[in-house]
Every structure is written in C-alpha cells, then in structure tokens.
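Following my numbering, the numbering of the sequence shown begins with -18 at its first residue and continues without gaps.
Just so you know, even glycine gets a beta-carbon here, dropped at the ideal spot from N, CA and C.
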Amino acid sequence: MTEENREYRQLPIGVFDSGVGGLTVAREIMRQSPNEKIVYFGDTARVPYGSKSRDTITRYSRQIVRFLQTMEVKAIVVACNTASAYALDDLEKEIDVPLIGVVRPGAKVAAEATKNGRIGVIGTEGTIGSGIYATYIRQIRPDAEVIQKACPLFVPLVEEGLWKDPVTDEIAMRYLTELIDIGIDTLILGCTHYPLIRETVAGIMGDHVRLVNPAYETARELKEMLEERGLSNPVFPSLGANPYRFFVSDGAERFKQFANSILPYGILSAKVINIEEY
Ligand code: DGL
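Here it is in structure tokens:
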C-alpha cells in the first residue's frame, strides 16, 4: 500500500438523510465498520422528503452531495429511502466517488429471502409512489408479488419518541392489516425511521414474516464495496480523534438529543450549515 493510498483510505464516508432517520444507517456503519470515519448531514430544515416531488428531492440531494464533497469523502451513502428512490440514478452519473443508496441492498435481500414470493414494502409516500423497491425486486425475482403500502404517520410518531406506545400500535395495525391478509412472508422496512419501531411491526406481523432492515443491509454492502475497491480504512481511529462529525441545516440541539437516544455513544455537537449555498 503506497502512502498516498493509505491516506486516501482514511478519508471519511459521507452519509446523508432528510434529518435524523439516517442515523439508523450511520449506526449500522459504526457497528459493522468501526474503522471508518463518518461525516453525517441531516437536512433538518427541509425534512420531510417523503411527501416532496422528485425534482425537489433531486435538487436537495445534489446540494448535499456537493457539500459532502467539500469534506473530502471517499464514498457517499444516500441513507434516505426517498432520496435513494428519486435521486440516486442521476447522482451516480454526475459524481465519481462511489455512491450507495439504501433501496437496492434491501430489495436484494428480500428477493432472495422470500419463499412464497409475496413481499411487502412499507415506506414514505415518495418511496412507495416511485415503485422502486418493486422494480429492483423483480430484477432478481420477476415472478414476485410486491405489495406496497405508504405509512406516512410512522415518521412523526418515531420522531415524537412514541416507539412503544398504544398510539403507534393502533396506527401500525391499520397500516399492516392489508399486508397480513395478503399473506406476505417478507417485509421491507423501507424508511429510515422504521427500524426504531421494528418490535411493534414484528409483533403485528408475527414470527413467520421476515423483516428486512435496509439500514443493516446497506452497511453490509458498503463494507463489501470498500473492501473490494481497496478503500477500507486500515487504521482504527485513535482515541480522541472524533471520527464522527455531524452537520444539519437547522435545529442542532433537537438533532443532538435524538442522536443521543439511538447512537451507541454520546455526540457532543452538530454544526448548522446553510445547505442552500451548495
Ligand atoms: N428519511 C426518509 C426516508 O427514508 C423519511 C423521512 C422523510 O420523509 O424525510 O424515506
């Protein structure tokens, strides 16, 4: 390994999302690739993405990618399902650092895991409306029946901290009954926030339905990709080096509180930047 190559491999991974949800993806990257540094951007001023148009989300995503590139990242993870659904294809053509979205890894695992060919997908209105999970699933399993259901109330419930609450149980029951009736055996948690209510969803769906967490699958795919391309960081970050940096477009304090409720260690700060400048 040349010195230059060794230095390049120590550059951070850029991870972005519409807000706090992508922290579920960052958390998996921290667990699975502890050597990797992360620069996280949460677009807290412009969240939610799930109800906005393709053009708007693509414009936002471009700005964020430009910001991350100023931070000299060696790869970018589009940790938001909606942004992956709408913007990933365009972004891939425009930049030369490797990009990974959360949709394809989740779709692949679900297509491989199903036995009866009936796969459920839950997500934001944008992700479900795009039909992107079904498209990827059918590339691997053309005969799959993909039942998609938008669950727009889950995001605010999770952000209110109602992860285990009768209100969430009730809403989940309404959303998921249709999927139970159809007899799916695999369900993709196709939104960054849903892994945080995994237990509620699992309790309703029952043990015979396999839940696929795209955050976990994406972190796994990222690790493999970095290894294959000779990009993984050979050096464990030294004590006090602060390997994780967080940026947001608004509300740093609220972001910090949420981050501290789900990350395996306390974050000290999140910096507000003006993303419209990028
Ligand atoms: N991060 C979004 C997603 O995974 C959910 C929140 C939002 O609508 O912005 O689709």
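| task | Report the partner residues of L244 according to the DSSP bridge assignment. | result | In DSSP, L244 forms no bridge with anything.
| said: Rounded to whole angstroms, what is the Cα-Cα separation between I161 and L203? | reply: 32 angstroms
| field | Per-residue DSSP class, three states only, for I38 | value | helix
| message | On a Cα-Cα basis, can you pick out the residue from V28, T5, N97 that is closest to V58? | response | T5
| field | Inter-stretch contact at 8 angstroms, needing at least 3 Cβ pairs: the segment 111 to 126 / the segment 134 to 148 | value | no
| Pick from T63, L72, P86: whose alpha carbon is nearest that of T108? | T63
| query | Is Q29 near the ligand DGL, going by C-beta to nearest heavy atom under 8 angstroms? | reply | Sequence inspection shows Pro at residue 29; the Gln mentioned does not correspond to that position. Yes, since a heavy atom of the ligand DGL falls inside the 8 angstroms radius drawn around the Cβ of P29.
| Smallest Cα separation from T51: which of P(-7), D124, G2? | P(-7)
| With 16 as the cutoff for other CB atoms within 10 Å, does P215 come out buried or exposed? | exposed
| said: Quick check for students: name the residue ranges of the alpha helix (DSSP H) that lie wholly in the segment -2 to 27, counting only runs of 4 or more. | reply: 4 to 13
| query | Would you say G232 touches the ligand DGL, meaning its beta carbon is less than 8 angstroms from a heavy atom? | reply | no
| task | Pick helix, strand or coil for K252, following the three-state DSSP scheme. | result | strand
| Helix or strand or just coil, what does DSSP make of I165? | coil
| field | Three-state class that DSSP yields for Y175 in the structure shown | value | helix
| request: Leaving out five residues on either side along the sequence, give the residues of the same chain with a beta carbon under 6 angstroms from the beta carbon of A94. | output: T167, R191
| task | With hydrogens ignored, establish whether the beta-carbon of T173 is closer than 8 angstroms to any heavy atom of the ligand DGL. | result | yes
| query | Less than 8 angstroms between the CB of V127 and some heavy atom of the ligand DGL, yes or no? | reply | no
| said: Between N194 and the ligand DGL, is there a pair consisting of the residue's CB and a ligand heavy atom that are separated by less than 8 angstroms? | reply: no
| Hey, is K64 close to the ligand DGL, as in C-beta under 8 angstroms from one of its heavy atoms? | The question names Lys, yet the displayed sequence has Ala at residue 64. At least one heavy atom of the ligand DGL is nearer than 8 angstroms to the Cβ of A64, so yes.
| request: Compare the beta carbon distance of A60 and A196 with 9 angstroms and say whether it is the shorter of the two. | output: yes
| Per the contact definition of three or more C-beta pairs closer than 8 angstroms, is the segment 116 to 130 in contact with the segment 34 to 54? | no
| Is the beta carbon of G3 within less than 8 angstroms of some heavy atom of the ligand DGL? | yes
| query | When DSSP builds the beta bridges, which residues end up paired with E126? | reply | R99
| query | By Cβ distance below 6 angstroms, which residues in the same chain neighbour L177 in space, the five residues on each side in sequence not counted? | reply | V139, W144
| said: Measuring straight from C-alpha to C-alpha, what distance separates Q(-9) and I152? | reply: 44 angstroms
| message | Could you check whether the Cβ of C61 sits closer than 8 angstroms to any heavy atom belonging to the ligand DGL? | response | yes
| For F228, the three-state DSSP class (helix, strand or coil) | strand
| What do you reckon, is the C-beta of G112 under 8 angstroms from a heavy atom of the ligand DGL? | no
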